[in-house]
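Participant: For the sequence shown, counting from 1, position 131 maps to 175 in the working numbering; every step adds exactly one.
Please see the structure below; I have some questions.
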Amino acid sequence: MKDPIIVIGLGELGSVFARGFLRLGYPVQGVTRDMDISLVANTTPNPAAVLIAVGEADIATTLATLPTVWKDKVILLQNELLPRDWQAAEINNPTVISVWFEKKKGMDSKVVLPSPIFGANAKLVFNALSQIDLPSFILDTEEELTYELVRKNLYILTTNIAGLEVGGNVESLANQHSAVMNAVANDVLDIQDWLTETKNDRQRLMEGLLEAIHGDLAHGCMGRSAPARLTRAIGFANQAGLDIPTLRDIANKHLSH
Numbered sequence: 045m046k047d048p049i050i051v052i053g054l055g056e057l058g059s060v061f062a063r064g065f066l067r068l069g070y071p072v073q074g075v076t077r078d079m080d081i082s083l084v085a086n087t088t089p090n091p092a093a094v095l096i097a098v099g100e101a102d103i104a105t106t107l108a109t110l111p112t113v114w115k116d117k118v119i120l121l122q123n124e125l126l127p128r129d130w131q132a133a134e135i136n137n138p139t140v141i142s143v144w145f146e147k148k149k150g151m152d153s154k155v156v157l158p159s160p161i162f163g164a165n166a167k168l169v170f171n172a173l174s175q176i177d178l179p180s181f182i183l184d185t186e187e188e189l190t191y192e193l194v195r196k197n198l199y200i201l202t203t204n205i206a207g208l209e210v211g212g213n214v215e216s217l218a219n220q221h222s223a224v225m226n227a228v229a230n231d232v233l234d235i236q237d238w239l240t241e242t243k244n245d246r247q248r249l250m251e252g253l254l255e256a257i258h259g260d261l262a263h264g265c266m267g268r269s270a271p272a273r274l275t276r277a278i279g280f281a282n283q284a285g286l287d288i289p290t291l292r293d294i295a296n297k298h299l300s301h
């Protein structure tokens, strides 16, 4: 009998991964927000892995309260995730996947790009996704992981925040509003450089952004979390003392103050 896999957060994404793990023959123990996580850790102190599938708004609290016995088994998949997030919770070397498929209620998973994975449990995640026909690939280095996480952040933040200004889908953003897209992207990358404490390769990231846009041209720009993403981005910029003129201009027009 295989050791169980813990899945914290059983929303759309958590359920997709749980199905993949089950098909590989792993028992899955779900943890919902009204369960006592320490009791689960007492009964299952040595799981095969612990997938944290809560939304990005809950990730800091979830990581901070994670039972110590699980900290070396963590798999993370949140948007807007960077190394500083798991380092702050003293989680060393988690397995991380940058999820490039979308799963909404009542619809099948829609793939934009293959999802990159890095870490000790990368093969487990790769195998689970292949069970449910979702393409992924395994990265070799932490540097590549940082690039992939920044690229995903660039895509989400740029399309969401530019979407507040111009609406529409990512095809119209890239083709008809490229000046807005590039100005937003530049501000977003200033913030990402500060958050990662490194000078990221902007040309490669912008090419990566366009590749993702071409992966699903009909993708709507503005998700419902766009205002929260913009507010969070400006909070980071204020901490860093960054100008980010385009983001501030969009916030002045579209956020209620």
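Idealized CB from N, CA, C, for every residue including glycine.
Check whether the segment 171-180 touches the segment 141-157, counting contact only when three or more Cβ pairs, one atom from each stretch, lie closer than 8 Å.
Facilitator: Flag = yes, the segment 171-180 and the segment 141-157 touch.
Participant: Starting from residue 180 and walking both ways along the beta strand (DSSP E), at which residues does that stretch end?
Facilitator: 180-182 is the span of the beta strand (DSSP E), which, as asked, contains residue 180.
Participant: Expressed to the nearest angstrom, what Euclidean distance is found between the alpha-carbon atoms of residue 283 and residue 232?
Facilitator: Each residue's alpha carbon lies about 14 Å from the other.
Participant: Measure the CB-CB distance between residue 96 and residue 70 and report whether it falls below 7 Å.
Facilitator: For residue 96 and residue 70, no; Cβs fall outside 7 Å.
Participant: Would you give the residue range spanned by the alpha helix (DSSP H) that residue 193 belongs to?
Facilitator: Per DSSP, residue 193 belongs to the alpha helix (DSSP H) from 186-210.
Participant: Once the 5 residues before and after residue 124 are set aside, which same chain residues still bring their CB inside 6 Å of it?
Facilitator: Contacts found: 100, 197.
Participant: Reducing DSSP to helix, strand and coil, say where residue 149 ends up.
Facilitator: Coil at residue 149, not helix or strand.
Participant: Anyone know if the C-beta pair for residue 218 and residue 290 falls short of 7 Å?
Facilitator: No, the Cβ-Cβ distance between residue 218 and residue 290 is not below 7 Å.
Participant: Helix, strand or coil for residue 64, going by three-state DSSP, please let me know.
Facilitator: Helix.
Participant: Please state whether the Cβ-Cβ distance between residue 256 and residue 157 is less than 7 Å.
Facilitator: Closer than 7 Å, so yes.
Participant: Using the Cα positions of residue 165 and residue 119, report the straight-line distance between them to the nearest angstrom.
Facilitator: Looking at the two C-alpha atoms, the distance is approximately 7 Å.
Participant: With DSSP collapsed to three states, give me the class of residue 93.
Facilitator: Reduced to three states, the DSSP call for residue 93 is strand.
Participant: May I ask which residues mark the beginning and end of the beta strand (DSSP E) holding residue 214?
Facilitator: Where residue 214 is concerned, there is no enclosing beta strand (DSSP E), although the alpha helix (DSSP H) it sits in stretches over 214-220.
Participant: What does DSSP give as the partner residues of residue 224 in its beta bridges?
Facilitator: None; residue 224 has no bridge partner.
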